[in-house]
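First comes the structure, then the notes that go with it.
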Amino acid sequence: APWAVRTEALSPGELLQQEYPHARWSGPVHVPYTFDEITANGALGDARAASVEFGERIIETALDRLVEFIEAFVEEGEYYEDFELEGDERI
Numbered sequence: 007a008p009w010a011v012r013t014e015a016l017s018p019g020e021l022l023q024q025e026y027p028h029a030r031w032s033g034p035v036h037v038p039y040t041f042d043e044i045t046a047n048g049a050l051g052d053a054r055a056a057s058v059e060f061g062e063r064i065i066e067t068a069l070d071r072l073v074e075f076i077e078a079f080v081e082e083g084e085y086y087e088d089f090e091l092e093g094d095e096r097i
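In terms of the numbering used here, the numbers along the sequence shown are unbroken and rise by one, the last being 97.
Spelled out as structure tokens, the structure:
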């Protein structure tokens with residue numbers, strides 16, 4: 007809902023100094039941080055550079071990847087044939 011964005015309230019992310027500055031989010035050793043340990047104002051990057059078109063691309067990409075995940079999950083369906091909802095004891 008681009009019309010709901012209060013653009014005057016947008017500001018760049020304020021990243022905080024990490025306790026382990028050389029730790030990475032990927033690799034052999036992962037040091038997890040909660041979001042409030044990463045950013046002072048809840049933002050990563052700078053939303054002021056956003057556009058409707060870029061937002062649409064993000065949503066489309068996320069949906070495409072979700073569809074790929076669901077299709078792969080369904081292909082493994084033999085593991086989930088007994089799965090039913092709403093109180094079925096076979097879950």
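For glycine and all other residues, C-beta sits at the position ideal for the given N, C-alpha and C.
Between Ala53 and Leu16, the C-beta spacing is below 7 Å. Going by C-alpha positions, Ala55 is about 40 Å away from Glu81. Taken atom to atom, the span from the alpha-carbon of Thr40 to that of Ala10 is near 27 Å.
If you keep only unbroken alpha helix (DSSP H) runs of at least 4 residues inside the region 30 to 70, you get 41 to 44. Assigned with DSSP and collapsed to three states, Leu72 falls in helix.
Between Tyr26 and Val37, the C-beta gap is smaller than 7 Å, which places the two residues in contact.
Cα atoms of Ala78 and Glu20: separation of roughly 38 Å, rounded to the nearest angstrom. CA-CA distance, Gln24 to Gly51, rounds to 16 Å.
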